[in-house]
DNA sequence: CTTATACGAAACGCAATCGTATCGAATGGG
DNA sequence: CCCATTCGATACGATTGCGTTTCGTATAAG
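Residue numbers (the working numbering), protein chains in the order written: chain H, 931 to 1142; chain P, 931 to 1142.
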């Protein structure tokens, strides 16, 4: 093995013997998330596949986690960040940033939403953990943005933030999976969704702009 | 076995021997869909579980379908209908009807979206079949409604139907799974989504008109 | 009654996966 | 050097699922 051992704690409480490889740990988590997406859900994540992909012995996995579910729970916990810094200039820009964060083509690891939510009835622990670490924090941020917009008059006073969140997050998440595997989401899809949602689908007949 | 044999074709082209049980066929399809939802995806659908739930021998399944994937494809095909009759009175009412159809708490069989879409990379056949029989027809209807609205002035002339569809379908689908298993989608959620999307999130003031 | 097929139940061989155990080598502190 | 622990590799028994086959029974046509 290479000489990339990490020292972790050289402090006093350090246990004797060879320290655990931190590289192995990262590789295992990474491999778990990859498999969770590429294979079809929790059932597709086999310990042996994780070990193979992480170039690690099964022993190394079972020394750290008692079973597959615990491993997946820890792997999901690493998806918590990062939530983008919000400029706070306009509600519109913040919403676009959040919509991009919900599904940036950059971080395909979030695609495991489908498999985690799909297996919610079979694996309630995982679904709860995923909601707690991944979904709720993002919802919290978006809710705050919406509230701010309502407070300062940028958004309708009678707007239901829950409905608005479902619209924005749902549109991006759904559209990304309705495509063929080869096509890709247009770069500015998040912008389009937010702008369309803000303006509304209906023609401005009643209040304002009836078009340029 | 009971005396619920179905005759199918007593006509001339009828092959000799005992005819196949139509009841068994229905039960198998039904059991397959149930498992596809309750268990976590395609991997959770085992032939033996299907046989047990349908009260049928494995032989009876393999006589009809060559393997598991073919069975699931046929099972998904039965999800194609019914698409609700559209009153055609107003675009708004039609959209509400469609939003309800995308996820009526009535037909939880559509919940397998999550498992099929999630397994899209692993089972492209199933994803394609599901899109073909279930997703596309509904999209087609909704697209027609949106086009009509654009044509007759009820909707913005510059509205992108694809974005609008993602907003409505995505909001309903997503929100339904973001809930705890015990809570249920409010009866009028589809109405809220459509009304919010039509009016737009932003307050009716000017800024939206400065866009591109 | 004969023939042909479908039925459910059970057992088969095969492969995959689980979680555990054992091995020799590697890597740390004392 | 010595000891404790981890490393990757490999083998293990147990379980599960696949797809096939066999068996005795049931249900049709002629």
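Think of the CB as a built atom: it goes at the ideal place given N, C-alpha and C, for glycine as much as any other residue.
Identified DSSP bridge partners for residue i
i, result
"residue 1133 of chain H", "DSSP lists no partner for residue 1133 of chain H."
"residue 1085 of chain H", "P:1132"
From the options, residue whose alpha carbon lies closest to that of residue i
i, options, result
"residue 1037 of chain P", "P:952, P:953, P:1118 and P:964", "P:964"
"residue 1010 of chain H", "H:1018, H:998, H:981 and H:1043", "H:1043"
"residue 1119 of chain H", "H:1019, H:1025 and H:1002", "H:1025"
"residue 1008 of chain P", "P:988, P:1049 and P:962", "P:962"
"residue 1077 of chain P", "P:1022, P:1125, P:1103 and P:974", "P:1022"
"residue 1033 of chain P", "P:1080, P:1112, P:1092 and P:1116", "P:1116"
"residue 1015 of chain P", "P:1072, P:980 and P:998", "P:1072"
"residue 1106 of chain H", "P:1092, P:1106 and P:1067", "P:1092"
"residue 955 of chain P", "P:985, P:976, P:975 and P:1112", "P:985"
"residue 1132 of chain P", "H:1094, H:1065, H:1047 and H:966", "H:1094"
"residue 1065 of chain P", "H:1108, H:1087 and H:997", "H:1108"
"residue 982 of chain P", "P:1079, P:959 and P:1081", "P:959"
"residue 1103 of chain P", "P:952, P:1045 and P:988", "P:1045"
"residue 1090 of chain H", "P:1028, P:1121, P:994 and P:999", "P:1121"
"residue 966 of chain H", "H:1039, H:978 and H:994", "H:1039"
"residue 994 of chain P", "P:969, P:957, P:968 and P:1054", "P:957"
"residue 1069 of chain H", "H:1013, H:1018, H:1048 and H:1006", "H:1013"
"residue 971 of chain P", "P:1075, P:1057, P:1130 and P:1112", "P:1057"
"residue 953 of chain P", "P:990, P:979 and P:1060", "P:990"
"residue 1111 of chain P", "H:1098, H:1075, H:1061 and H:1123", "H:1061"
"residue 998 of chain H", "H:1019, H:987 and H:976", "H:976"
"residue 1005 of chain H", "H:1059, H:1101, H:1099 and H:1083", "H:1059"
"residue 1027 of chain H", "H:1002, H:1075, H:1054 and H:1053", "H:1075"
"residue 1030 of chain H", "H:1128, H:1098, H:1130 and H:1127", "H:1098"
"residue 1129 of chain P", "P:1048, P:1086, P:1047 and P:1041", "P:1086"
"residue 1083 of chain H", "H:1055, H:950, H:1047 and H:1020", "H:1020"
"residue 1049 of chain H", "P:944, P:1001, P:968 and P:949", "P:968"
Reduced DSSP category for residue i - H, G, I as helix; E, B as strand; rest coil
i, result
"residue 1023 of chain P", "helix"
"residue 1038 of chain H", "helix"
"residue 1127 of chain H", "helix"
"residue 996 of chain H", "coil"
"residue 1114 of chain P", "coil"
"residue 1061 of chain P", "helix"
"residue 1105 of chain P", "helix"
"residue 1017 of chain H", "coil"
"residue 944 of chain H", "coil"
"residue 1012 of chain P", "coil"
"residue 1033 of chain P", "coil"
"residue 1053 of chain H", "coil"
"residue 1121 of chain H", "helix"
"residue 1090 of chain P", "coil"
"residue 1069 of chain H", "helix"
"residue 939 of chain P", "Per-residue confidence for residue 939 of chain P stands at a pLDDT of 44, beneath the threshold of 50, marking its modelled position as unreliable; the derived number appears in the next sentence. Residue 939 of chain P falls in the coil class under three-state DSSP."
Neighbouring residues, chain P, relative to residue i (Cβ below 9 Å)
i, result
"residue 1065 of chain H", "1108"
"residue 955 of chain H", "Going along chain P, no residue has its Cβ under 9 Å from residue 955 of chain H, so there is no contact; the nearest lies around 26 Å."
"residue 973 of chain H", "969, 970, 971, 972, 973 and 974"
"residue 1012 of chain H", "Within chain P, no residue comes near residue 1012 of chain H; the closest Cβ sits about 21 Å away, beyond 9 Å."
"residue 1050 of chain H", "970, 1044, 1107 and 1111"
Cross-chain neighbours of residue i in chain P, by beta carbon under 7 Å
i, result
"residue 1084 of chain H", "1132 and 1133"
Proximal residues of chain H, C-beta to C-beta of residue i below 7 Å
i, result
"residue 1144 of chain P", "Nothing about residue 1144 of chain P can be reported from this structure: the residues present for chain P run from 931 to 1142 only."
"residue 1047 of chain P", "1044 and 1107"
Residues that residue i contacts on chain H, provided the C-beta gap is smaller than 9 Å
i, result
"residue 1128 of chain P", "1130, 1131 and 1132"
"residue 1081 of chain P", "Here the premise fails: no neighbours, minimum Cβ distance about 11 Å."
"residue 1090 of chain P", "1122 and 1126"
"residue 1053 of chain P", "970"
Chain H residues whose Cβ lies nearer than 8 Å to that of residue i
i, result
"residue 1123 of chain P", "1093, 1096 and 1097"
Alpha helix (DSSP H) runs contained entirely in the stretch 949-1000 of chain H, provided each spans 4 or more residues: 952-968, 977-984 and 988-992
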